[in-house]
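Undergrad: Right, I'll just put the structure down here and ask away after.
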Amino acid sequence: MFAQRKWCTRVLKFALSPFVAVTLLDSMSALADLGWEAYPNEGWEEISVMDERNTPMRTYQVCNVMEANQNNWLRTRHISREGAQRVYIEIKFTLRDCNSLPGVPGTCKETFNMYYYESNNANVWFIKESQYVKIDTIAADESFTQVDVGDRVMKLNTEVRDISNLSKKGFYLAFQDLGACIALVSVRVFYKKCPLTVLNLAQFPDTITGGDTALVEVHGMCVNSSEEFEAPKMYCSADGGWLVPIGRCVCKPGFEENKDASFSPPPFFQKKFFSNCLVLLKVYFPLPSGPPSAPENPISTVNETCVTLEWSPPRDTGGRGDVTYSLHCRKCSGDGKKCTPCGGSIHFVPRQFGLSSANVLITDLQPDSNYSFTIESQSGVSDLSPTPRGSVVINVTTSQTVSVVLKERRSKDSVTLAWHGPERPNGAIVEYEVIYYEKNQRDQNYTVLKTRSNMMTVDGLKPGTTYVFRVRARTDGGYGSYGGEIELETSHEDILAIGDPNQSTILVVSIAGGIVLLIFLVTCFVVSGRHCGYIKAKQDPDEEKMQFQHGRVKLPGSRTYIHPHTYEDPNQAVRDFAKEIDASNIRIERVIGAGEFGEVCSGRLRVQGKREIYVAIKSLKAGYSDKQRRDFLSEASIMGQFDHPNIIRLEGVVTKCKPVMIITEFMENGSLDTFLKKHDGQFTVIQLVGMLRGIASGMKYLSDMSYVHRDLAARNILVNSNLVCKVSDFGLSRVLEDDPEAAYTTRGGKIPIRWTAPEAIAYRKFTSASDVWSYGIVMWEVVSYGERPYWEMSNQDVIKAIDEGYRLPAPMDCPVVLHQLMLDCWEKGRSDRPKFGQIVTILDKLIRNPASLRELANSSVGEDPPTPEFSVSTVDDWLETIKMGQYKENFSSAGYVSLDSILYISVSELTKMGVTLAGHQKKILSSVQSLQTQGTHVHV
């Protein structure tokens, strides 16, 4: 009937795993001896055992626990990295509990070390121990005993580590045993790739992930019969997932995108041939015989002079996937008998014709007017068919304005307004909204009041000041438009003359009565315990009051934080506390990371009447659930309530189009922990104290608003170009399962043990006092330039040590007063810890009196630390003496077990051991020199 047309066929998207793992080595798949190098010969031994399916597998074992000073090495063959910059090592092993071995000396270990050595040579026969780079010390989560073995209960441990920034052709893995009873069951080495995928008619190839957390930018290639509309690209994350699709391809003229989900390729296109061959395939379909039917179920929502129209797709699409919609507008008289075209004064968002989605926003309508909208559906054959286009009509009446008719009782700090409602409201009136602001200052500070009455008293105003008032009504159908502006000036003084003795008496009585009334009202409020989404205005129980400053909410009076979960409709919390931003005013420039809910980008925000500003843009990834959307936007609902120079500033949100976004100020220097590590030792003590003062000031503000942060840490502090530190991360639902710091589970979720107060760990009792404990840890992080709290101690060891009274020692070059403040923050009793207000005061005094910072916790006043004379017998004693006890395990694992073995240690050796901070290296080497020159005082 109709001529056939070629369609541009889109490659179907399959459910792919988040990443593709490419195996470089798998000892479990070995059919013969692994042939790894073991030395000395009496150390690691290769044996064949049977797994649970009676399949033989090759393992390496060592158990020389009866002899001291073990140093057994096992080295794999050369492993080609195949272009990967980052590889992962998965090891499975069993380990014997030393306590279950009778008669074993105290040198028995329950850990072993893992190293690697990069090389372009695949036939290296000998590698010095000092040439290896340490990956980690491996400990068992579960060990076994002899009883376990008899009962055939083997405790198999699995650990995964990674190596980044590889550059040579390959590498060797090595395992060092220092006296453990261990069986290495399997070793698997692999790297990750982002899988080949097709999105927006662009194909993205298999891509190997980057060498660290950086994202790899990949440019897509348009599939056949399509061309670039905007250069398509995506980013391959370090975890092997695709992020941030930008740009797209579109079908060439004469072709259409096939969106028929029921289409499936023939069997010979399946698997590896599918993505290659189907792209080149041009499929011919006969055109359907008619146009689509009319749209269904039209719905209108009126908001002042704006209308949102939504509808359902046609029941019959004619078998086509290219259905679009067009709208026609007519303005009608009150009786609806005479209608004329609307003209070009109104606007349709996103457009009036050729809509692909079944909704549209119509703006700039006239108030108190009747409109008729015709919604047409059409497809590519509508112009070829004699059948009229399917259409549906919906009638809309915009809201009326409210007129202020009465003004009375003006005093120096209050006015009373009264008004009449609309003559023909669009539904039952739910409430009235009054907006007022000082004349010529609307953009800086305005206040919104809500009431169910048609009269309101507004107090708390400035004497002798002109204010502008406007009123609008909200009905079941939405908000009406604001009435005209009314200007009122408050009086310069009260009517009551204080100088009159009689009136003075009246004043005293009035004040006394007011105090009694105030006490009564406070008592009633405490007893009632009401919680709601607004602060109530005292004049009228039906009035609701909040302030907006710089586009954000500022609560008057006590400024109590309002939890978004107290809202029955979470979207209302977003509307109350966050400014909606037009997505067209945002320009994304580059990806800077990936967050919990999606990618994080930097870009620019165009503000009307102002210059563009740099912003950070968090976007919600595609395929989100309603709960994920609520959790994502809850952070904006929280941030929007805060207005403080040391709290990250919310610019606004984008919720009316996809992707949903949260826009915040851009902090050039990123997170505080990373920033400090990059600038180790480069700041003065006063600069560090200034950073701490800013964080404390922000936390005082949050504490005053009764907000508890729960996750205060240097990683959640952002730093701008002026070194101003700002508290961030206000998500209500912090998913910490993927956070390596949150490796301890309590009933109710995972929490970051190293930063959390004991009562919060044991009883999940989070208060401002527990935030103070966390602030003490942040202080320690700042002074130590981002060192990990409690170093390599396990979370269980941290909990036990704190419970036994252990507290972190002073970092190197830490002033005594700062370490004492840390210790005050770590008091076991919550009531014994300082308040944030007290902390700010203490830091202010230190900044005003720099001399108080001269005395260091590890030196004499005003002098370099004196060279100590040692009277120690072990390496552990020596490290404790020089306050470097955190490195005991590093020295022991590296084989430094006697004092004479450390006399010739070098910087490179310290680095390989994990002592990377320059200050700590200097202190250790200085102490080693003292050991060399004061040998008479050393008892070996």
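Residue numbers for the sequence shown, in mature numbering (1 follows the signal peptide of the UniProt record, and there is no 0): -32 to -1, 1 to 908. Glycine included, each C-beta is placed from N, C-alpha and C at the ideal position. Since this is a predicted model, take the numbers as computed values, not measurements.
Assuming the contact rule is C-beta atoms closer than 8 Å, Val559 and Tyr203 should be a hit. Round their C-beta distance to whole Å, please.
TA: 5 Å
Undergrad: Please report the Cβ distance between Tyr675 and Tyr872, rounded to the nearest whole angstrom; I am assuming they are in contact, meaning their Cβ atoms lie under 8 Å.
TA: Not really, about 55 Å apart at Cβ, beyond 8 Å.
Undergrad: Give me, in chain order, the residues of the same chain whose beta-carbon lies closer than 6 Å to that of Gly754; leave out the 5 immediate sequence neighbours on both sides.
TA: Asp641, Leu644 and Lys645
Undergrad: Roughly how many angstroms separate the alpha carbons of Ser382 and Ser421, rounded to a whole number?
TA: Those two C-alpha atoms are separated by around 18 Å.
Undergrad: Assuming Met34 contacts Val72 under a Cβ cut-off of 8 Å, what Cβ separation, rounded to an integer in Å, is found between them?
TA: 6 Å
Undergrad: How big is the Cα-Cα spacing for Arg26 and Ser135?
TA: The straight-line gap from Cα to Cα measures roughly 30 Å.
Undergrad: Which residue's Cα is closest to the Cα of Val322: Leu333, Asp336, Lys299 and Gln346?
TA: The sequence shown places Gly at residue 322, not Val. For Gly322, the nearest C-alpha among the options comes from Gln346.
Undergrad: Can you tell which of Met659, Ala725, Leu618 and Lys694 has the C-alpha that lies nearest to the C-alpha of Tyr669?
TA: Lys694
Undergrad: When burial is assigned at 16 or more other CB atoms within 10 Å of the CB, is Ala199 buried or exposed?
TA: Taking all protein chains in view, the Cβ of Ala199 is surrounded by fewer than 16 other Cβ atoms within 10 Å, so the residue is classified as exposed.
Undergrad: To the nearest angstrom, how far is it from the Cα of Val808 to the Cα of Ser665?
TA: When rounded, the separation of the alpha-carbon atoms in Val808 and Ser665 is 6 Å.
Undergrad: Go to Thr879, then tell me how far its alpha helix (DSSP H) extends in each direction, as first and last residue.
TA: Val875 to Met881
Undergrad: At what residues does the beta strand (DSSP E) containing Ala664 begin and finish?
TA: It is not in any beta strand (DSSP E) - Ala664 instead sits in the alpha helix (DSSP H) that spans Val653 to Asp672.
Undergrad: On the premise that Gly179 lies in contact with Ser132, defined as a C-beta separation below 8 Å, what is that separation, rounded to the nearest angstrom?
TA: 5 Å
Undergrad: Taking the beta carbon of Trp210 as the centre, do at least 16 other beta carbons fall within 10 Å, making it buried, or is it exposed?
TA: buried
Undergrad: What does the Cβ neighbour count give for Ser768, buried or exposed, with the cut at 16 atoms within 10 Å?
TA: Checking the displayed sequence, the identity of residue 768 turns out to be Lys instead of Ser. With fewer than 16 other Cβ atoms within 10 Å, it is exposed.
Undergrad: Which residues mark the beginning and the end of the beta strand (DSSP E) in which Met607 is found?
TA: Per DSSP, Met607 belongs to no beta strand (DSSP E); it is in the alpha helix (DSSP H), Asp594 to Met607.
Undergrad: Pull up the distance between the alpha-carbon of Pro613 and that of Pro757, whole angstroms please.
TA: Looking at the two C-alpha atoms, the distance is approximately 27 Å.
Undergrad: Quick one, are the C-beta atoms of Thr113 and Ser48 less than 9 Å apart?
TA: no
Undergrad: Roughly how many angstroms lie between the CA atoms of Gln897 and Ile870, to the nearest whole one?
TA: 10 Å
Undergrad: For Lys733, does the count of other Cβ atoms within 10 angstroms reach 16, so buried, or fall short, so exposed?
TA: exposed
Undergrad: Would you tell me roughly how many angstroms separate the C-alpha atoms of Lys891 and Gly3, rounded to the nearest one?
TA: 43 Å
Undergrad: Determine the closest residue to Met18 out of Asn81, Pro8, Arg574 and Val153, with distance taken between C-alpha atoms.
TA: Val153
Undergrad: Compute the beta-carbon to beta-carbon distance between Met629 and Ile585, rounded to the nearest angstrom, for a pair I have assumed lies under 8 Å.
TA: 6 Å
Undergrad: Going by C-alpha to C-alpha distance, which of Ile549, Leu588 and Ser593 sits closest to Gln576?
TA: The residue with the shortest Cα to Cα distance from Gln576 is Ile549.
Undergrad: Taking just the CA atoms, how far does Val740 sit from Leu489?
TA: Low confidence applies here, because Leu489 scores a pLDDT of 43, under 50, leaving its location unreliable and the question unanswered by this model.
Undergrad: Once you ignore the five residues that flank Pro70 on each side, which residues in its own chain have a CB closer than 8 Å to its CB?
TA: none
Undergrad: So, under 8 Å CB-CB, Pro783 and Glu823 are touching, yes? Tell me the CB distance rounded to an integer number of Å.
TA: 6 Å
Undergrad: Report yes if the C-beta distance between Tyr140 and Tyr56 is below 9 Å; otherwise report no.
TA: No, the Cβ-Cβ distance between Tyr140 and Tyr56 is not below 9 Å.
Undergrad: Tell me where the alpha helix (DSSP H) around Val746 begins and ends.
TA: Ser736 to Val751
Undergrad: Alpha carbons only, please: which of Ser16, Phe600, Ala6 and Tyr7 is nearest the one belonging to Ser(-4)?
TA: Ser16
Undergrad: Determine the burial state of Tyr731: buried for a count of at least 16 other Cβ atoms within 10 Å of its Cβ, exposed for fewer.
TA: exposed
Undergrad: For Ile810, does the three-state DSSP call read helix, strand or coil?
TA: In the displayed model, Ile810 falls within a helix according to three-state DSSP.
Undergrad: Within a Cβ cutoff of 6 Å, which residues of the same chain sit near Trp12, ignoring the five residues on either side of it in sequence?
TA: Ala6, Tyr28, Val30, Asn40 and Leu42
Undergrad: Which of helix, strand or coil does DSSP assign to Phe643?
TA: helix
Undergrad: Could you tell me whether the Cβ atoms of Val583 and Gly571 are closer together than 9 Å?
TA: yes
Undergrad: Nearest-angstrom Cα distance between Thr384 and Ser294?
TA: 48 Å
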